[in-house]
Amino acid sequence: MITPKFDLQQDADFLYLSIHAPHIKAQNAEIEAMGSEIHFCIAPYFLKLELPGNVLDDERSHASYDIGKGMIHIKFAKETPGEEFPNLDLLTTLLVNKEKSKTPKKALIEEVGDVPAAASTEGEVQADDIDPEIDWRNIRFDDPNFDWGLLQRMEDKKMKYTSTSNYGFNDQHTGLLKYLEGNEINVLPEPELTDPVQRSQIRKQTEDEKFDPEYYLADFYDHEMIDELIHYTPDYVELSKRAKSGEPIPFEFTENEQQGLLSLPKKSYIIENPKRIYLNLVALIFAYAYDHRTTLGDPSSESVWNIGIMAPNIACLDTNFSSIQEVACACFRRSLAYPLYRNWNLAETCWKDTYAILSLGKRWILRVLLRMKSLFEHHDVYYIYNTMIINDYAYWIQTANDNVLEALTYQVMEYMPKKSDVGWQLEELEAESIQQMEEDNDGED
């Protein structure tokens, strides 16, 4: 069966569902609403939605079919008039698998760090486990005393997955790179045989080997093109400035983005290390921001490689980060070792871009992930990284904790790497080069 395109709108008292189902006999369609669930079925289409609130299938319900546009328009009354249904634009989260398990879900809690995740005697998370008084603004991602098991329990209430895999999103994939040929993004000699510690070691080693002091100095002195890239203003940077000034920023997914949402695989997860998931999101966003800025918003044939090689969790499968500082250092090192433009000021600007995207919230983050997904899915080789990482991030971000995202965004804004952090003695390199140029100029005089 085919999942049709659909759209949901609401007013104070009614929910409006529009379904694109061309070339059907509308009178044969089965439409049913039961509490928070809506079922629609007519060959070859099947749609089952779980809403964030209840609707009524009563005499106020109404359905009509626009033959010319192939659209079914359905109206349901809300069980509670005036109730606002949140997140109706996050379509993936509303979809229900055709065969939904009828067994009660148990929260499979994993330990994060040294902090045990508490579960009730029935194996389910209780509301008392969740502390509503957390000061999320002051949460530090490198704080060993923060109970990440708390966040785990909050997420496990809605996400469930048993993982035995060893790389990709939530370490849930294996074997995908074994026979993949022509992969110029991957830098691991044997990606299927390396553990997380080895991946970090190989990443740092290959970055050290790839860093070229002469290339770096050439971009250090060549300001013309770099300045053009730095002065470019992406849409999300402008929107972030407007939002910071208090201006409301409307958001609506495009038709292509809605289709991208519907194409995401329906999954649920147990997040083994939520801290690591959030931190590696920053690396993905930075990689996208770098490519977007250096192509002036017009992706090139090299954009997929650019994003892939810049993201340590793609090129090296390295997700072994414990702080914003570690993520930032990896992002800056890769930006100075691999891409076409290797300039410190450019890297700083892309880090600010990363903050701008994060500051706009999960919908803009999702938009960026969908853009990445679209780029990767059209490549004959690199599409595999959608399966491993990007699709899962695009699905997961729709249910990510808003408070944690806010804390993450604040720390990205607060921290800016120094040249001494990357380990290549950049300041000494620049000083020696400037001194040499001055001596050469004096010699000519």
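In UniProt numbering, the protein residues as written are 1 to 445. We put the beta carbon where it would ideally sit given N, CA and C, even for glycine. Quantities reported herein were computed from a predicted structural model and do not represent experimental measurements.
(message) Rounded to the nearest angstrom, what separates LEU180 and GLU247 at their Cα positions?
(response) Here residue 180 corresponds to residue number 180 of the sequence shown, with the count starting at 1. Here residue 247 corresponds to residue number 247 of the sequence shown, with the count starting at 1. Roughly 48 Å separates the two Cα atoms.
(message) What does the alpha-carbon distance come out to for the pair GLN172 and HIS39?
(response) Taking the sequence shown and counting its residues from 1, the one referred to as residue 172 is at position 172. Taking the sequence shown and counting its residues from 1, the one referred to as residue 39 is at position 39. Distance between the alpha carbons of GLN172 and HIS39 is about 31 Å.
(request) Kindly indicate the opening and closing residues of the alpha helix (DSSP H) around CYS350. (result) Position 350 of the sequence shown, counting from 1, holds the residue named residue 350. Counting along the chain, the alpha helix (DSSP H) containing CYS350 begins and ends at 344–359.
(request) Check the DSSP bridge columns for residue 519 and list the partner residues they point to. (result) Because the chain is modelled from 1 through 445, residue 519 falls outside the range shown and cannot be assessed.
(request) Could you name the residues that DSSP lists as bridge partners for PHE14? (result) Within the sequence shown, residue 14 is the residue found at index 14, counting from 1. Among the bridge pairs identified by DSSP, PHE14 is matched with ALA77.
(message) Tell me the DSSP secondary structure of PRO274 in three-state form.
(response) Residue 274 sits at position 274 when you count from the first residue of the sequence shown. In the three-state reduction of the DSSP assignment, PRO274 falls in the helix class, which pools H, G and I.
(request) Write down the C-beta distance between LYS267 and ASP89 rounded to the nearest angstrom, noting that I regard them as a contact closer than 8 Å. (result) Residue 267 sits at position 267 when you count from the first residue of the sequence shown. Residue 89 sits at position 89 when you count from the first residue of the sequence shown. The Cβ separation is near 19 Å, so there is no contact.
(message) So ILE307 and MET372 are supposed to be a Cβ contact under 8 Å. How far apart are they, rounded?
(response) In the sequence shown, counting from the first residue as 1, residue 307 sits at position 307. In the sequence shown, counting from the first residue as 1, residue 372 sits at position 372. Yes, they are in contact, since the Cβ atoms of ILE307 and MET372 sit about 6 Å apart, within 8 Å.
(request) Can you give me the start and stop residues for the alpha helix (DSSP H) that HIS62 sits inside? (result) Reading the sequence shown from its first residue, position 62 is the one you call residue 62. That residue, HIS62, is in no alpha helix (DSSP H); its beta strand (DSSP E) goes 62–66.
(request) Tell me, please, whether the stretch 316–334 touches the stretch 280–287 by the rule of three or more beta-carbon pairs shorter than 8 Å. (result) yes
(request) Consult DSSP for HIS223 and reduce its assignment to one of helix, strand or coil. (result) One-based indexing of the sequence shown puts residue 223 at position 223. Here HIS223 sits in helix by DSSP.
(message) Need the endpoints of the alpha helix (DSSP H) that TYR232 sits in, please.
(response) The count along the sequence shown starts at 1 and reaches residue 232 at position 232. TYR232 -> no alpha helix (DSSP H), and no H or E assigned at all.
(request) Would you mind sorting GLY260 into buried or exposed? The rule is 16 or more other CB atoms within 10 Å of its CB. (result) If you number the sequence shown from 1, residue 260 lands on position 260. It is buried - the Cβ of GLY260 has at least 16 other Cβ atoms within 10 Å.
(message) Under DSSP, the alpha helix (DSSP H) around ALA394 begins and ends at which residues?
(response) Counting from one through the sequence shown, the residue named residue 394 turns up at place 394. Residues 391–396.
(message) Buried or exposed, going by whether 16 or more other CB atoms sit within 10 Å of the CB of residue 446?
(response) Shown here, the chain extends from 1 to 445; a query on residue 446 therefore has no answer.
(request) Return the CA-CA distance between CYS316 and LEU176, expressed in angstroms with no decimal places. (result) Start at 1 with the first residue of the sequence shown, and residue 316 comes out as number 316. Start at 1 with the first residue of the sequence shown, and residue 176 comes out as number 176. Approximately 14 Å, taken between the alpha carbons.
(request) Between the Cα of THR295 and those of ILE230, ASN313, ALA356, spot the shortest distance and give me the residue it belongs to. (result) The residue you call residue 295 lines up with position 295 of the sequence shown. If we check each option's Cα against that of THR295, ILE230 comes out closest.
(request) Compute the Euclidean distance between the alpha carbons of PRO265 and PHE251, then round it to the nearest angstrom. (result) As a working mapping, residue 265 is identified with position 265 in the sequence shown. As a working mapping, residue 251 is identified with position 251 in the sequence shown. Looking at the two C-alpha atoms, the distance is approximately 24 Å.
(request) Check whether the Cβ atoms of LEU262 and LYS5 lie closer than 8 Å to each other. (result) Taking the first residue of the sequence shown as position 1, residue 262 is located at position 262. Taking the first residue of the sequence shown as position 1, residue 5 is located at position 5. Yes, the Cβ-Cβ distance between LEU262 and LYS5 is below 8 Å.
(message) What residue range does the alpha helix (DSSP H) around GLU207 cover?
(response) Translated into positions along the sequence shown, residue 207 becomes position 207. Its alpha helix (DSSP H) spans residues 196–210.
(message) For LEU239 and MET34, I'd like the C-alpha separation in whole angstroms.
(response) Against the sequence shown, residue 239 aligns to sequence position 239. Against the sequence shown, residue 34 aligns to sequence position 34. In a straight line, the C-alpha of LEU239 is about 40 Å away from that of MET34.
(message) Along the chain, where does the alpha helix (DSSP H) containing residue 450 start, and where does it finish?
(response) Look at the range of the chain in this structure, 1 to 445, and you will see that residue 450 is not part of it.
(request) Would you kindly check if the distance between the Cβ of ILE314 and the Cβ of ILE185 is under 8 Å? (result) Translated into the one-based positions of the sequence shown, residue 185 becomes position 185. Translated into the one-based positions of the sequence shown, residue 314 becomes position 314. At a Cβ-Cβ threshold of 8 Å, ILE185 and ILE314 count as neighbours.
(request) Taking 8 Å as the threshold, find out whether the stretch 402–417 comes into contact with the stretch 186–193 through three or more Cβ pairs. (result) no
(message) Do THR93 and GLU87 count as a contact pair if the criterion is CB distance below 8 Å?
(response) Indexing the sequence shown from 1 puts residue 87 at position 87. Indexing the sequence shown from 1 puts residue 93 at position 93. The question names Glu, yet the displayed sequence has Asn at residue 87. It is a contact, given that the beta carbons lie within the stated cut-off.
(request) Within its chain, find whatever has a CB closer than 8 Å to the CB of PHE220; leave out the 5 residues flanking it on each side and keep chain order. (result) Numbered from its first residue, the sequence shown carries residue 220 at position 220. Within the same chain, PHE220 has close Cβ partners ASN343, TRP344, GLU430, SER433.
(request) Check THR121 in the structure and name its three-state DSSP category. (result) The residue you call residue 121 lines up with position 121 of the sequence shown. Note that THR121 scores 33 on pLDDT, short of 50, meaning its location in the model is unreliable; the coordinates nonetheless yield the value given after this. Looking at THR121 - three-state DSSP - the assignment turns out to be coil, as it is neither helix nor strand.
(message) By DSSP's criteria, MET71 is part of a beta bridge. Which residues make up the other side?
(response) Counted from its first residue, the sequence shown places residue 71 at position 71. The partner list for MET71 (beta bridge, DSSP) reads HIS20, ASP66.
(message) By the three-class DSSP mapping on this structure, what secondary structure does LEU429 have?
(response) As a working mapping, residue 429 is identified with position 429 in the sequence shown. Note: LEU429 maps to helix in three-state DSSP.
(request) Assign ALA43 to buried or exposed, taking buried as 16 or more other Cβ atoms, counted over all protein chains shown, within 10 Å of its Cβ. (result) For the purposes of this step, residue 43 is taken as residue 43 along the sequence shown, with counting starting at 1. The Cβ neighbour count for ALA43, taken over all protein chains shown within 10 Å, is under 16; the residue is labelled exposed.
(request) Could you say which of GLN436, GLN435, VAL422, ASP440 lies nearest to GLN205 if we only look at CA atoms? (result) Working through the sequence shown from its first residue, we reach residue 205 at position 205. It is VAL422 whose Cα lies nearest to the Cα of GLN205.
(request) Return yes when the Cβ of ASN170 is within less than 8 Å of the Cβ of ILE271, no when it is not. (result) Numbered from 1 along the sequence shown, position 271 holds the residue referred to as residue 271. Numbered from 1 along the sequence shown, position 170 holds the residue referred to as residue 170. Cβ atoms of ILE271 and ASN170: closer than 8 Å.
(request) Could you name the residues that DSSP lists as bridge partners for HIS173? (result) By 1-based counting over the sequence shown, the position of residue 173 is 173. Bridge pairing for HIS173: TYR167 [DSSP].
(request) From the DSSP output, read off the bridge partner residues of PHE6. (result) Taking the sequence shown and counting its residues from 1, the one referred to as residue 6 is at position 6. According to the DSSP secondary-structure assignment, PHE6 is paired through a beta bridge with ILE19.
(message) As a quick exercise: from SER301, PHE286, LEU336, pick the residue whose alpha carbon is nearest that of PRO213.
(response) One-based indexing of the sequence shown puts residue 213 at position 213. Considering only alpha carbons, the answer is LEU336.
(message) Using only the alpha-carbon positions, how far apart do GLY361 and MET437 sit?
(response) In the sequence shown, the residue the question calls residue 361 occupies position 361. In the sequence shown, the residue the question calls residue 437 occupies position 437. Between GLY361 and MET437, the C-alpha separation is close to 47 Å.
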